[in-house]
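Quick notes on the structure that follows.
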Amino acid sequence: MVLELSAHMQHRQGERSLFPLCQQVRRGQAHRGTPLWFCACSGCASCLMYLLTRGFLGFLPSWPRFSLENTDPRMRGRGIQLLSQVLLQCYSLLQEKEVLHLVLFYESRLQDNHLVIPSVLQGLRALSMCEVLSPGLAVSVLKAIFQEVHVQSLLQLDRHTVYSIITNFMSTREEELKGLGANFTFGFIQVMDGEKDPRNLLVAFQIVHDLIAKDYDLGPFVEELFEVTSCYFPVDFTPPPNDPHGIQREDLILSLRAVLASTTQFAEFLLPLLIEKLDSELQSAKLDSLQTLTACCAIYGQKELQEFLPSLWSSLRREVFQTASEKIETECLTALRALSACLSRSVLSSDSEDLLDSFLSSILQASFLSSPHSNIWLLQDCRHHLCEPDMKLVWPSAKLLQAAAGASLRTYHRISHSVLPLLLEQYTKHTQSSQRRTILEMLLGFLELQQKWGHVEEDESPLLSHQAPVCSVVFSALLDPSVQLQLVGIKALTVLGSLQGFLSSSNLELVVDHLIRLALHEEDSQSSEAAMEAAGSLAPTYPKVFSGHMVPRLEEELQLEREESHHKRHSLQQRCLQALAAVSTHTSIVKDTVPILLQHLQKVQKGTEAKNTQDVISVCQSLHRVALQCQQDAEGCWYFHQTVVPCLLAMAVQAAMPESTHTLPGKALLEEEVLAAMIPVISAATAHLSPELAAQSVSHVVPLFLDGDVSFLPQNSFPCSFQPFGDGEHLEAQRRLVALLMAFVCSLPRDVAIPQQEWLLRELLALSCSSNCPFTATTAAKCFAGLVNKHPAGQQLDEILQLAVNRMEPSLAEGPRRTQALTLLLWVTKALVLRYHPLSSCLTDKLLGLLGDTELGPATADGFSLLMAESPDVLHKGCHADVRIMFRQRFFTDNVPKLVRGFHGAGPDVKANYLKGLSHVLNHLPKPVLVTELPTLLSLLLEALSCSDRVVQLSTLSCLHPLLLEAPQIMSLHVDTLVTKFLNLTSSPTMAVRIAALRCAHALTSLPTTVLLPYKGRVIRALAKPLDDKKRLVRKEAVAARGEWFLLGSPGR
Amino acid sequence: PQGGRASGGPGSARRRSPLLHSPAASATGGERRASLNTELKLPCGLGAVAVTAVSPQVDDAQSTVSVEFTPTIPHCSMATLIGLSIKVKLLRSLPERFKLDVHITPGTHASEHAVNKQLADKERVAAALENSHLLEVVNQCLSARS
């Protein structure tokens, strides 16, 4: 018996029956053995797995070259390797006793020649995955490895195998390994000591983390374990280019941090290390230390931190005061917050000193007392310091304090208790607006923190005890002439108002007075807008105060006829309207403001002058804002809809009555801009209705337009019937109101059934094809498209679409209404493209064909932007349209090849149409998609740069810009053309083109320098001209671009 | 004292990125490191230099631009470099018709006159920019990348 393994087993176990197959195979050895082996060697491992593991091992001597006992270690290694490979395939089939034998065999092999060891480890890894491993074997394998193998002298892959074995055992045999006690920890420390490969380190760090997290006995080896891991801190690793393993620096940092911050046992070693690295020069080391410190604070307590607090604090303070990097400052503040939170979490024992208290005192002291540069706060006699307060150091101090105060309620109380009085005192001492603003901004920071910590507690809050001075400081800021100070004051007011119970009722009235004054009479629009915003955000908290005080005052101002100049009165009215809308953030207030706005609308719509049109539009804008603000609130939404929609419709119908309109447009209400301003109001009031209420409303509005049923309108006695779809010259005005129908019916939720929809669609179709008024025709087409987009698929939809196609085709071909037909085609195509309707491709092809039409071509090309862009009033998500994601990408893939083909085949007079269409499609494509798709279109785009149409130029430039930045290699092939074209376009008569061309010239600098250098002189000379452009924005771009070209190839770039 | 700006230990000078501070730059957190007219980032290791740039006097009709700058301390060794950087930035950013004048605010530097003379001399400026080391430093100051 030559096979050591077999002998070994038989000797140990004394039972041959273990390998019944072995006998069988032996018997057939003469004629079957060799072919079987041959089979195994040719890679058909699976069919031999069973045989091998169930006894074929005994057959090995017949293959002496690979014998496990061959005297040549290389051959022996290959034998073991074969066995290990097979075991890796079939470890799950092994039985307990077989595993035992194999383990003993492999353990003994660990002492073998070093050439054999890798294969032995592979085998052990296979065995470590066996579920049937008997108790005690895991420990013995690990002991053997720890004892026999010098892991760090192995190759990376073999070291990885060792870690895998340990990981496998740790996940399945935790109890057994813990029986090893601290020896296991020690063994592992030796295994990983000196590891250098990032792949292995990730596994090793995970093992250490598990050691700690699963509470293995570290015994006396805590420091060793810390040493062996912390030596990698801070991680210094740059992944090689084209690294197939994809390990990033960040992965290592995070897994090392997880280890270091996993136990308080490391604290005494880790904290000094962090302090040391924080003091280093390396930015990345600082960041890593700070982040690790923050992570540690999650588990540390007072005990761990005590000894190191002073040095930690001095390092943090130094960084915040001195760093130039925002990132480091942010991390410092986060770390300080974490530290403070950690300290305030610790339970105090009666005899120990409150570390939090002394820590905070040191912060307070450092920030305001001992820092040599912030003593301006205290040394009032240093007048020269006061005149020039060094804001650079005041701000970091405030940030430090706020970070600490943001840690817990306790720290907040402690800090604000000392800081608030100081800030209030300083505010009164300083008189300059800019200084006051700085102080108030700091105060605001603390007020916001109070907001974070919730309600003001009666007795405890330091803020409450300073209520009066805080209010007077904020109010005085509101009265200050400086807009910047006012703005901070308004912000502070908003925060104060949100603190429940802080403002008394008399104070609240004062607040309202201030807000009214700022909103209406403050000259600066920033302050006025901020005041309106503040009113809007406070109103839901104090609805009674605002509807009782603010709304009546605004109404009064709105109605007041003054002697003042027209301009002034007009702007005051505007402000009133805006303020009324802004404050309507609570249903009860909405019920007060909406009637006022509608009443005002009634009043201003009667005139015919241009200023009336403006006024009506302003009221509509305010109503729109109110509608948006009450969309989320069901009650407010329904109230608004019920009140505003019938009222607007009634006014419009009244204005459109035939005898009141001898000449068109006779009334402000029928102007295109006014109708366009009313559309968003009705749309916003409709889009969020619940289906039942929407159904109720739709049953009134649709009959109004189809049957002229005016009964639901507030004033429903009209001299004449309402027939927007009727025939006749005199009904032109009424037809315009289809815009309002569109606003309503296209915004309805998709599940609301529209009565008489077929009839409505036919009427809209007819109107869109027959109307002579472009506004009416376009609106009808949009309304038709909006309905078609939401129409459920099926025969009905197909019929109506067929009808539309039949109507469009003859009109498109010839006749006086080709433009109308094109508009309808565009809108219907858009409606279908959005929902991926099969007919959409047919309609798009029709559009592509029209690009070659000399008459309709340019309009069709512009129509591509309509297809791709988000439409403001219909066919967008907000009005529940059926919009598939990625419809743009799909449109791009389907149609761009056709566009390109069309371009190449087109005559010279229509080529530009194709380019324009293409650039519209490209312009609306998401940038990442654009960059991957563009190289194929590059030659076309370069051609487009020479096109004289400025829309084409502009959109081509905006397509090329990202490409220059992200695909410089491809672009550098065309550098000559690009430089020439860009420089030519910098003298375009259109400002936007000049700017875009200069931006592209700037972006050119990201191409490889060697490619650009031949052009440097020429570009710099050419860019001197736009430096003197008459437009500031052009000059700005020219300066940036020229500066960058100067740096090209120059030292110190 | 270093103009009362730098604080902390001796290491601070190297870590702080020196910027031009305009008096107009306001004091809020985000803006406090803002620099207004010319962004000058002196490479680390050259010492802390804080400069107050006085807003330039521009006369478009006469095509003249005049910039005054104030070094923090009278013995600031960087004054020439700062002046040169301002000058180069202006040369690259303004149309050729402008006549440039960059000088130190009177009475704020020990060798004010010499520096002004250097900056006014076209040939010396051109020669300085031939020096690749000097050009490198100036370019670093003017580079948009941080």
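So the protein sequences, as listed, match chains A and B.
According to the UniProt record's numbering, the first sequence is numbered sequentially starting from 1.
According to the UniProt record's numbering, the second sequence is numbered sequentially starting from 1.
No residue lacks a Cβ here, since even glycine has one placed at the ideal position from N, Cα and C.
Between the alpha carbons of H75/B and V115/B, how many angstroms are there, rounded?
Those two C-alpha atoms are separated by around 12 Å.
Confirm the yes/no value for this check: CB of V545/A, any heavy atom of the ligand GDP, distance under 8 Å.
As for the ligand GDP, it is missing from this structure, which has no ligand bound.
Taking just the CA atoms, how far does E112/B sit from S93/B?
Spanning the two alpha carbons is a distance of roughly 25 Å.
For K667/A, does the three-state DSSP call read helix, strand or coil?
In this structure, K667/A counts as coil in the three-state DSSP scheme.
Within-9 Å CB hit, S84/A to chain B:
No, no contact with chain B.
If you measure from the beta carbon of V1039/A to each beta carbon in chain B, is any gap under 9 Å?
Among the residues facing chain B, V1039/A is included, as its CB has a counterpart in that chain under 9 Å away.
Mind reading off the beta-carbon distance from Q578/A to M532/A? Whole number of angstroms is fine, and I expect it under 8 Å.
Rounded, the Cβ-Cβ distance is 6 Å, consistent with contact.
Is the CB-CB distance between S433/A and S498/A below 9 Å?
For the pair S433/A and S498/A, the CB atoms are not nearer than the 9 Å cut-off.
Skipping 5 residues on each side, what residues in its chain have a beta carbon closer than 6 Å to that of L293/A?
So the qualifying residues of the chain are L274, A335.
So is K122/B in contact with chain A if we call contact Cβ pairs under 9 Å?
So, not an interface residue.
If I'm right that T64/B touches D101/B with Cβ under 8 Å, what's the distance once you round it to whole angstroms?
Distance from T64/B to D101/B at the Cβ level is roughly 7 Å; contact confirmed, criterion being Cβ atoms closer than 8 Å.
From this set, A120/B, K87/B, I104/B, which residue's C-alpha is nearest L135/B's C-alpha?
It is K87/B.
By DSSP, does I104/B sit in helix, in strand, or in coil?
Three-state DSSP puts I104/B in a strand.
Could you give the distance in angstroms between the alpha-carbon of L40/B and the alpha-carbon of P198/A?
Note that L40/B scores 43 on pLDDT, short of 50, meaning its location in the model is unreliable; the coordinates nonetheless yield the value given after this. Put simply, the backbone Cα of L40/B is about 40 Å away from that of P198/A.
What did DSSP end up calling S134/A once you bin it into helix, strand or coil?
Looking at S134/A - three-state DSSP - the assignment turns out to be coil, as it is neither helix nor strand.
Using a cut-off of 7 Å between C-beta atoms, extract the partners of P95/B located in chain A.
Going along chain A in sequence order, the residues near P95/B (Cβ under 7 Å) are A1024, L1027, D1028.
Backbone secondary structure at E329/A - three-state DSSP
It is helical.
Who are the neighbours of F1046/A on chain B, taking C-beta pairs under 7 Å?
Close partners of F1046/A in chain B (Cβ separation under 7 Å): R92.
Mind checking which residues open and close the beta strand (DSSP E) that includes F69/B?
Counted as a single uninterrupted DSSP element, the beta strand (DSSP E) harbouring F69/B occupies residues 64–71.
Run through DSSP, which three-state label would V626/A get?
Of the three classes helix, strand and coil, the one that applies to V626/A here is helix, per DSSP.
Determine whether the Cβ of V137/B lies closer than 9 Å to any Cβ atom of chain A.
Yes, V137/B lies at the interface with chain A (some Cβ there is under 9 Å from its Cβ).
Under 9 Å, Cβ to Cβ, is there at least one residue of chain B near R1042/A?
Taking Cβ atoms only, chain B reaches closer than 9 Å to R1042/A, which makes this a yes.
Looking only at its own chain, which residues have a Cβ that is under 8 Å from the Cβ of M651/A, when we skip the five neighbours before and after it?
Counting only Cβ-Cβ distances below 8 Å, and skipping sequence neighbours, we find L601, Q602, Q605, L669.
Please return the same chain residues whose Cβ sits closer than 6 Å to the Cβ of R750/A, not counting the five positions on each side in sequence.
Apart from sequence neighbours up to five positions away, the residues of its chain that approach R750/A with a beta-carbon distance below 6 Å are K790, H880, ordered along the chain.
Beta carbon of Q118/B, beta carbon of G83/B: below 9 Å?
Yes, the Cβ-Cβ distance between Q118/B and G83/B is below 9 Å.
For a cutoff of 9 Å on Cβ pairs, would you count S527/A as touching chain B?
Chain B contact via Cβ: absent.
Note the first and the last residue of the continuous alpha helix (DSSP H) segment covering E175/A.
Where E175/A is concerned, the enclosing alpha helix (DSSP H) stretches over 174–179.
Between which two residues does the alpha helix (DSSP H) harbouring Y914/A extend?
Segment 911–923, the alpha helix (DSSP H) holding Y914/A.
Go ahead and label M886/A buried or exposed: buried means 16 or more other beta carbons lie within 10 angstroms of its beta carbon, across all protein chains shown.
By the beta-carbon neighbour count (other beta carbons within 10 angstroms, threshold 16), M886/A is exposed.
What do you get for K327/A, buried or exposed, if any count of 16 or more other CB atoms within 10 angstroms of its CB means buried?
Classification for K327/A: exposed.
So, using beta-carbon positions, are K89/B and G548/A closer together than 9 Å?
Cβ atoms of K89/B and G548/A: not closer than 9 Å.
Which whole runs of the alpha helix (DSSP H) in the stretch 779–826 of chain A are 4 residues long or more, in chain order?
The stretch 779–826 of chain A is shown to contain whole alpha helix (DSSP H) runs of 4 or more residues at 795–813, in chain order.
Assign H101/A to one of two classes, buried (16 or more other C-beta atoms within 10 Å of its C-beta) or exposed (fewer than that).
Residue burial is scored here from C-beta neighbours: H101/A has at least 16 other C-beta atoms within 10 angstroms and is therefore classed as buried.
Could you tell me which chain B residues have their CB closer than 8 Å to the CB of P481/A, listed as they occur along the chain?
None at all; the shortest Cβ gap to chain B is about 16 Å.
Cβ neighbours of S66/B in the same chain (closer than 6 Å, five flanking residues each side left out)
The residues are Q57, D101.
Beta-carbon gap between S871/A and H924/A smaller than 9 Å
No, they are not a contact pair.
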